[in-house]
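Read the structure below first, then the notes.
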Amino acid sequence: MNKKALYVALAYALVIISFKLFILLGGFYLSRFGFYYSNAVSVLAIIPFYIIAIRLVRADNGGVIAGKEAIRVALTVFSVGAILISLYNYFEFLLQGKQLALEYYNSADFLHFLQKQTKIKPEDYHKIIQEQIAQSEVSAFKATTGKLISMMVIGLSSSFLCAVIMKRSKPN
């Protein structure tokens with residue numbers, strides 16, 4: 012494992028955990044950005060870290076890096092980052108998951124969502140809200156796995172793309 016790739020992965024995890032803590036502790040978790048887009052931003056934010064790690068390793072090798080080594084560096088950044096962020100997501104859900112679910116299902120946004128559904132009668136809103144709160148008792152492992160799947164799809168594919176684009180061979 013390349014140490015520079017490890018340091019870049021740790022920097023990525025630190026930046027994303029700080030970003031997620033800012034959203035959570037700042038009260039932005041149930042905002043439109045926090046609820047819908049913050050996870051996508053945290054997953055896509057790994058791409059610049061791939062580029063930084065590959066450039067650092069390439070600079071150490073005199074501006075040359077093989078394709079296999081570039082992929083190895085990018086996968087190191089991905090795997091370490093994914094593990095650390097998954098651990099954070101697990102503990103975040105354990106500590107705040109139930110509270111956030113209660114806030115969301117009792118919010119005006121969820122009520123507005125229910126009102127848009129033409130097949131649901133207004134007298135059933137309370138029953139539906141109670142059912143949703145009861146179903147929100149999912150495990151922290153399931154919630155973390157759901158976020159990890161998006162990270163694997165985007166993170167793995169972008170790691171290969173960055174590695175292929177950024178590899179530099181020795182001139183013949």
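Counting in my numbering, the sequence shown runs from 12 upward without gaps. Don't be surprised by glycine CBs; every beta carbon is placed ideally from N, CA and C.
{"Asked": "Assumed close pair L125, I131 - CB separation to whole angstroms, cut-off 8 angstroms", "Found": "6 angstroms"}
{"Asked": "Through-space distance from A85 to G157, alpha-carbon basis", "Found": "22 angstroms"}
{"Asked": "C-alpha distance - L172 paired with Q110, whole-angstrom precision", "Found": "39 angstroms"}
{"Asked": "Beta-carbon proximity list for L67, same chain, < 6 angstroms, skipping 5 on both sides", "Found": "K15"}
{"Asked": "Inter-residue spacing [alpha-carbon to alpha-carbon] between S161 and A22", "Found": "20 angstroms"}
{"Asked": "Option nearest I144 by Cα separation, candidates L32, S118, A93, E80", "Found": "S118"}
{"Asked": "Under 8 angstroms between C-beta atoms of I176 and Y99", "Found": "no"}
{"Asked": "Nearest candidate by alpha-carbon position, reference I58, set E80, V19, G73", "Found": "V19"}
{"Asked": "Environment of G37 [buried if 16+ CB atoms lie within 10 Å]", "Found": "exposed"}
{"Asked": "Selected residue, minimal CA-CA separation from V26, among F152, I96, G166, L113", "Found": "I96"}
{"Asked": "First through last residue of the alpha helix (DSSP H) which encompasses Y18", "Found": "14-36"}
{"Asked": "First through last residue of the alpha helix (DSSP H) which encompasses G166", "Found": "151-177"}
{"Asked": "C-beta atoms of G166 and V54 nearer than 8 angstroms", "Found": "yes"}
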